[in-house]
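Let me begin by presenting the structure, written as structure tokens, before commenting on it.
Residue numbers (the working numbering): 66 to 147.
What follows is the structure, given as structure tokens:
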């Protein structure tokens with residue numbers, strides 16, 4: 066089982082994160098929050114001959130299916146805690 070986390074690159078704007086911070090956190094008394102970044106989280110189980118091959122399959126799938134855009138996103142893949 067692998068975990069995939071897709072986040073905006075640090076230079077990319079994150080309007081959803083800005084809205085969450087401003088409209089939810091700051092309006093409800095959490096003024097100490099300085100930054101919120103959003104992303105996508107997926108748990109994917111694949112059959113593969115080894116862990117490295119599984120990572121390669123998942124990365125290729127995420128890239129080919131445009132689950133992330135390499136121009137504005139960072140995609141990290143790691144083993145999931147079961």
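All C-beta atoms, glycine included, are put in the ideal place defined by N, C-alpha and C.
According to DSSP, which residues form a beta bridge with residue 138? 73
Rounded C-alpha distance that separates residue 80 from residue 144: 29 Å
Between residue 67 and residue 108, is the Cβ-Cβ spacing less than 9 Å? yes
At which residues does the beta strand (DSSP E) containing residue 109 begin and terminate? 104–109
Can you grab the Cα-Cα spacing for the pair residue 133 / residue 146, in whole Å? 23 Å
Beta-carbon proximity list for residue 90, same chain, < 6 Å, skipping 5 on both sides: 98
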